[in-house]
Structure formats: C-alpha cells, structure tokens
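S.K.:
Chains as they are written, first to last, in this note's numbering: chain A, 1 to 270; chain B, 271 to 428.
#1: Using only alpha-carbon positions, find the residue among A:213, A:75, A:51 that is nearest to residue 19 (chain A).
#2: Leaving out five residues before and five after residue 127 (chain A) in sequence, what residues of the same chain have Cβ atoms less than 7 Å from its Cβ?
#3: Contact criterion: CB-CB distance below 7 Å. Does residue 99 (chain A) meet it with respect to chain B?
#4: Under three-state DSSP, which class holds residue 8 (chain A)?
#5: Under 6 Å Cβ to Cβ from residue 62 (chain A), same chain only, skipping five residues before and after it: list those, please.
#6: Can you pull the DSSP bridge partners for residue 231 (chain A)?
#7: Which ranges does the beta strand (DSSP E) cover as unbroken runs of at least 3 residues, wholly within the region 47-107 of chain A, from first to last along the chain?
#8: In angstroms with no decimal places, state the Cα-to-Cα distance between residue 266 (chain A) and residue 231 (chain A).
#9: Would you tell me roughly how many angstroms separate the C-alpha atoms of residue 162 (chain A) and residue 262 (chain A), rounded to the nearest one?
#10: Can you tell me which of B:281, B:363, B:285 puts its alpha carbon nearest to the alpha carbon of residue 408 (chain B)?
#11: Who are residue 395 (chain B)'s beta bridge partners in DSSP?
#12: Would you mind sorting residue 392 (chain B) into buried or exposed? The rule is 16 or more other CB atoms within 10 Å of its CB.
#13: In whole angstroms, what is the alpha-carbon distance linking residue 3 (chain A) and residue 29 (chain A)?
#14: Check the Cβ-Cβ distances between residue 228 (chain A) and every residue of chain B, and say whether any is below 7 Å.
#15: Within the chosen definition, does the region 219-233 of chain A reach the region 202-210 of chain A through at least 3 CB pairs nearer than 8 Å?
#16: Pick from B:424, B:355, B:400, B:277: whose alpha carbon is nearest that of residue 375 (chain B)?
#17: Give me the Cβ distance between residue 214 (chain A) and residue 122 (chain A), rounded to the nearest whole Å; I'm assuming they're in contact under 8 Å.
#18: Could you check whether residue 417 (chain B) and residue 358 (chain B) sit closer than 7 Å to each other, using their CB atoms as the reference points?
#19: Going along chain B, which residues have a C-beta under 8 Å from residue 141 (chain A)?
#20: By DSSP's criteria, residue 402 (chain B) is part of a beta bridge. Which residues make up the other side?
#21: So, with DSSP's three-state summary, where would you put residue 35 (chain A)?
#22: Within 7 Å (strictly less), CB to CB, does residue 359 (chain B) reach chain A?
#23: From residue 8 (chain A) to residue 192 (chain A), what distance separates their C-alpha atoms?
#24: Between which two residues does the alpha helix (DSSP H) harbouring residue 213 (chain A) extend?
#25: Residue 238 (chain A) and residue 396 (chain B) - do their beta-carbons sit closer together than 7 Å?
#26: Starting from residue 192 (chain A), trace the alpha helix (DSSP H) both ways and give me its first and last residue.
#27: Check the C-beta distance from residue 151 (chain A) over to residue 57 (chain A) and give it rounded, since I have them as a contact under 8 Å.
#28: Any idea if residue 188 (chain A) is buried or exposed, counting beta-carbon neighbours within 10 angstroms, 16 or more meaning buried?
#29: What are the partner residues of residue 124 (chain A), as DSSP defines its beta bridges?
#30: According to the Cβ coordinates, are residue 403 (chain B) and residue 428 (chain B) closer than 7 Å?
#31: Using a C-beta to C-beta distance shorter than 7 Å, which residues of chain E count as neighbours of residue 389 (chain B)?
#32: How far does the beta strand (DSSP E) with residue 260 (chain A) in it extend, from its first residue to its last?
#33: Short check: CB of residue 117 (chain A) to CB of residue 185 (chain A), under 7 Å?
#34: Note the first and the last residue of the continuous beta strand (DSSP E) segment covering residue 350 (chain B).
#35: Roughly how many angstroms lie between the CA atoms of residue 245 (chain A) and residue 100 (chain A), to the nearest whole one?
#36: Tell me whether residue 316 (chain B) sits in a helix, a strand or coil according to DSSP, three-state version.
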C-alpha cells in the first residue's frame, strides 16, 4: 500500500538521519501483526540487502506481546512498527551486539519519544517503556535460525499515543502520550524520530560502542538499582533487590549475601 | 586417570558451575552432566568472570553459529543428532502458552522447521532444525531455564 502523504513526508524529512533504516517502508491500514509481516518479508529484504525494512500499521488485529500476550492496537490509537535488523553483522563483537540489541532498542525509543514530544520515559528491565510505572510502550524482538547464518531480528514496537478508554485489565497499568501530555501528538513525527533514534543506537551497536548504550540505559532505568523485585524460578518465587545490570545487560539482583543474574523470564517490580 | 584426578575435575566443574563437561584421556572418556535446575540464573558465588563466561560464549554461538550437532557413535549405530542450546535463556516448546508444541517425540522434522524458542534478554530466538529426521527425545521441559550447550532435542537423522 502506498504511504499516506504526511507519513512519506515525515520519513523524507528525517531521511538524512535515518542511516540504514527505512530503506523500504511498508504501510498498512490494518494488519494482523507488523512483526509477522516483517518476518515474512525478511528473506526478500535480505536478498535485496535492504536491512532496515520498516513495517507500519494504523491498526493491528492480532498485535502480539511476549508469550501470547495481546498488544492493544485499535485503529489510530498507537504507533505500531516493526524493523528488520541484523546485529550479527556488527564489526566488533557481534555476539555482544546481539545480546545488547533489546536494551539498545529500549534506549532508542525512550530517546526518540523525548525528542518528538518532550516526555521523559523510564525503562523497566529490559526494555518496557514506562511513565510513573504505567506502561507507555513495549517491544517484541524475534529472531529465527539455528545460528549458522547471519541472523536477522525483527524488532516490533508499540507506543500508546491517544487518550482512549483502556480495557479494564490495562486501566491501572497503561498510559498514553496524549494522556500524559494533555495535547495531540502527531504519530508520523513520532515514527520518524523513533526511527532516527533507533538508527543512531543501532550504529552504536554495530560499531561496538557498547558502553554508550549501557550508560544511557542506566540513566533511563532508575529502578534497575535499589528496587525490590520478584521473579519465579523452578524453586518457586524469589525476591531480592536490584543492583544494576552487568556488561551483557543481565539484571543483577541481591538476595541476602549473594547476587544473581537474570537474563530471561518475568520480573515484577513490587 | 585416578580417583583423585576425577575428584579434582568434579571440583572444577562445581567451582565454575559447568552444566556439562567432557574429557578424553588415555583412552578413558569421562562425561559429567549436571541437571540444571536454576539455569536461567547464574549465581555469583564464584568470581564474577566465571559466571560471565557462559553467556559470552552463548551469545557468540548465537551470532557466529555452531549448530551444535553431536553424533554419538559410541552408544549405538543410529545417527543421532543432538540439538544443543546456543544461548542461556528460557526454553519454550510452543509459540505461546495456549499453542501446541512445535514438535513432539515422534514428530518428523525437516531442515528449517522450528523446534523451540529460547528467550534471552526478551529476544525470542526460534531454533530451527538443522536436519531432516525424527525427534526421538526432548530433554527439557517447557518453560525451564537452559544453559549454553545444554541438550534440547535428539533427532534421528535420515
């Protein structure tokens, strides 16, 4: 589908700052899931060496979050975007670049949102976008392969934009840009600025500037230190106090006199 | 290799929290494997660097490859490919909790078919089969943490 004029104009204005992103932009008024579409097009994108494929939709009919959670995506309410990236092509330490990708995306989105709207956003490990502990946006990153080829990752993100009645289960846990700021936010400008920020942090990853990403992440995630969290292991629920992240982005949690490092699973701030 | 040597190897395996260790020496092959119950979390009881080594290596495998196929000739004449985890993370057998597993014991798989998902740093890594064959074993339960190099599936190749 051809891009709406104002979307195309926003992308073109941002073009000099988009680096290798948005070489191709696909727009859909309604789509099942932008991540699924990006994954479908990934092979073709790679064959054409068009890393940075961007899929945008006004509405997702089956927007997905982590592990079967649905992502609330009604028409015109939010920004729903997926981007194809290839962190394994990093010039320095591709393994670490891949490991830190999801943190880098969180940093970029927080920066892009602040640039576009002035709103300061917090990160909850590893990359939920929050304002006053309410969720403003989320990221779903998916890769495939057996590790024997240059893996691509589809990074999907959703940002709540308009003020809208959330379903009851989200009411106390979600927020949107317009309800935080009390004014109308242009989604196309927001799209362009988040892509620009993503491009910059992606270049950091590819060039091995990992400390820049980790430092920025730490500044944006005050609750990664000194906060009580709970998570579940095979042995049952554990609680501890966060003591930051390590150089691979794992969350460090102190329990009594030892520190554990968490790389996956659900962590709840209590 | 005497008992003392084996004992010191076991101590090293414990000290560095290895989930799997294999050595061949003077015709004796020793393989140690620990059931990992708290795999997604590596405790920093030992120096930081020891605990960090695993995920670094894990990520390296993700990016650079090592399809981690081992053909266990010693045990039988059947060609068994063991699919191992390329990263530290959480193992999922289906795309989402309500969905059917990607594969079951007895499933026939083709190269490129999805076997499982391993989540690490909120990146959902689909692990594809490198082989045509039949799944003959699933070593890890759904939702369990896995370590780098931990066995996930055995596939009888054809």
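Ideal placement from N, C-alpha and C gives every residue a C-beta, glycine not left out.
M.R.: Taking the geometry as given:
#1: By 1-based counting over the first chain, the position of residue 19 (chain A) is 19. Selected option, being the one with the closest Cα: A:51.
#2: The residue labelled residue 127 (chain A) in the question sits at position 127 within the first chain. Excluding positions up to five away in sequence, the list reads 102, 103, 105, 106, 139.
#3: The sequence position of residue 99 (chain A) within the first chain is 99, counting from 1. Yes, residue 99 (chain A) counts as interfacial toward chain B.
#4: As a position in the first chain, residue 8 (chain A) is number 8, starting the count at 1. DSSP places residue 8 (chain A) in helix when its eight states are reduced to three.
#5: By 1-based counting over the first chain, the position of residue 62 (chain A) is 62. Answer for residue 62 (chain A): 32, 33, listed in chain order.
#6: Here residue 231 (chain A) refers to the residue found at position 231 when the first chain is read from its first residue. Note: residue 231 (chain A) sits in a beta bridge opposite A:238, A:267.
#7: 54-60, 78-85
#8: Within the first chain, numbered from 1, the residue matching residue 266 (chain A) stands at position 266. Within the first chain, numbered from 1, the residue matching residue 231 (chain A) stands at position 231. In a straight line, the C-alpha of residue 266 (chain A) is about 6 Å away from that of residue 231 (chain A).
#9: Mapped onto the first chain, residue 162 (chain A) falls at position 162. Mapped onto the first chain, residue 262 (chain A) falls at position 262. The alpha-carbon atoms of residue 162 (chain A) and residue 262 (chain A) are separated by roughly 34 Å.
#10: Here residue 408 (chain B) refers to the residue found at position 138 when the second chain is read from its first residue. The residue with the shortest Cα to Cα distance from residue 408 (chain B) is B:363.
#11: The count along the second chain starts at 1 and reaches residue 395 (chain B) at position 125. DSSP, once it has assigned bridges, lists A:143, B:388 as partnering residue 395 (chain B).
#12: Along the second chain, one-based indexing puts residue 392 (chain B) at 122. Flag for residue 392 (chain B) reads buried.
#13: To locate residue 3 (chain A), count along the first chain from 1; it is residue 3. To locate residue 29 (chain A), count along the first chain from 1; it is residue 29. The alpha-carbon atoms of residue 3 (chain A) and residue 29 (chain A) are separated by roughly 10 Å.
#14: Taking the first chain and counting its residues from 1, one reaches residue 228 (chain A) at position 228. Taking Cβ atoms only, chain B never reaches closer than 7 Å to residue 228 (chain A), which makes this a no.
#15: no
#16: In the second chain, the residue the question calls residue 375 (chain B) occupies position 105. Of the candidates B:424, B:355, B:400, B:277, the one whose C-alpha sits nearest the C-alpha of residue 375 (chain B) is B:424.
#17: Counting from 1 along the first chain, the entry for residue 214 (chain A) is found at position 214. Counting from 1 along the first chain, the entry for residue 122 (chain A) is found at position 122. Not confirmed; about 16 Å, so no contact.
#18: Locating residue 358 (chain B) in the second chain gives position 88, counting from the first residue. Locating residue 417 (chain B) in the second chain gives position 147, counting from the first residue. Yes.
#19: As a first step, residue 141 (chain A) is located in the first chain; it is residue number 141 there, counting from the start. Result: 392, 393, 394.
#20: Counting from 1 along the second chain, the entry for residue 402 (chain B) is found at position 132. Partner(s): none; residue 402 (chain B) has no beta bridge.
#21: For the purposes of this step, residue 35 (chain A) is identified with residue 35 of the first chain, where counting begins at 1. In this structure, residue 35 (chain A) counts as helix in the three-state DSSP scheme.
#22: The sequence position of residue 359 (chain B) within the second chain is 89, counting from 1. Cβ-Cβ to chain A under 7 Å: yes for residue 359 (chain B).
#23: By 1-based counting over the first chain, the position of residue 8 (chain A) is 8. By 1-based counting over the first chain, the position of residue 192 (chain A) is 192. Residue 8 (chain A) and residue 192 (chain A): Cα-Cα distance of roughly 10 Å.
#24: Translated into the one-based positions of the first chain, residue 213 (chain A) becomes position 213. Counting along the chain, the alpha helix (DSSP H) containing residue 213 (chain A) begins and ends at 210-220.
#25: Against the second chain, residue 396 (chain B) aligns to sequence position 126. Against the first chain, residue 238 (chain A) aligns to sequence position 238. For residue 396 (chain B) and residue 238 (chain A), no; Cβs fall outside 7 Å.
#26: As a working mapping, residue 192 (chain A) is identified with position 192 in the first chain. Residue 192 (chain A) -> alpha helix (DSSP H) spans 187-206.
#27: Sequence index remark: in the first chain, residue 151 (chain A) carries index 151 (1-based). Sequence index remark: in the first chain, residue 57 (chain A) carries index 57 (1-based). That pair is no contact at about 24 Å.
#28: Reading the first chain from its first residue, position 188 is the one you call residue 188 (chain A). So residue 188 (chain A) counts as buried.
#29: Position 124 of the first chain, counted from the start, is the residue given in the question as residue 124 (chain A). Answer is A:128.
#30: In the second chain, the residue the question calls residue 403 (chain B) occupies position 133. In the second chain, the residue the question calls residue 428 (chain B) occupies position 158. Cβ distance < 7 Å, so residue 403 (chain B) and residue 428 (chain B) count as in contact.
#31: Annotation note: the requested chain E is absent from the structure, which comprises protein chains A and B.
#32: Taking the first residue of the first chain as 1, we reach residue 260 (chain A) at position 260. Residue 260 (chain A) -> beta strand (DSSP E) spans 258-262.
#33: In the first chain, the residue the question calls residue 117 (chain A) occupies position 117. In the first chain, the residue the question calls residue 185 (chain A) occupies position 185. Cβ atoms of residue 117 (chain A) and residue 185 (chain A): closer than 7 Å.
#34: On the second chain, residue 350 (chain B) is found 80 positions in, with the first residue counted as 1. Here the beta strand (DSSP E) through residue 350 (chain B) covers 350-354.
#35: As a first step, residue 245 (chain A) is located in the first chain; it is residue number 245 there, counting from the start. As a first step, residue 100 (chain A) is located in the first chain; it is residue number 100 there, counting from the start. Taking the straight line joining both Cα atoms gives about 11 Å.
#36: Within the second chain, the letter at position 46 stands for residue 316 (chain B). Confidence at residue 316 (chain B) is low in this model, with a pLDDT of 30, below 50, so its placement is unreliable and the value that follows should be read with caution. In the structure shown, residue 316 (chain B) sits in coil (DSSP, three-state: anything other than H, G, I, E or B).
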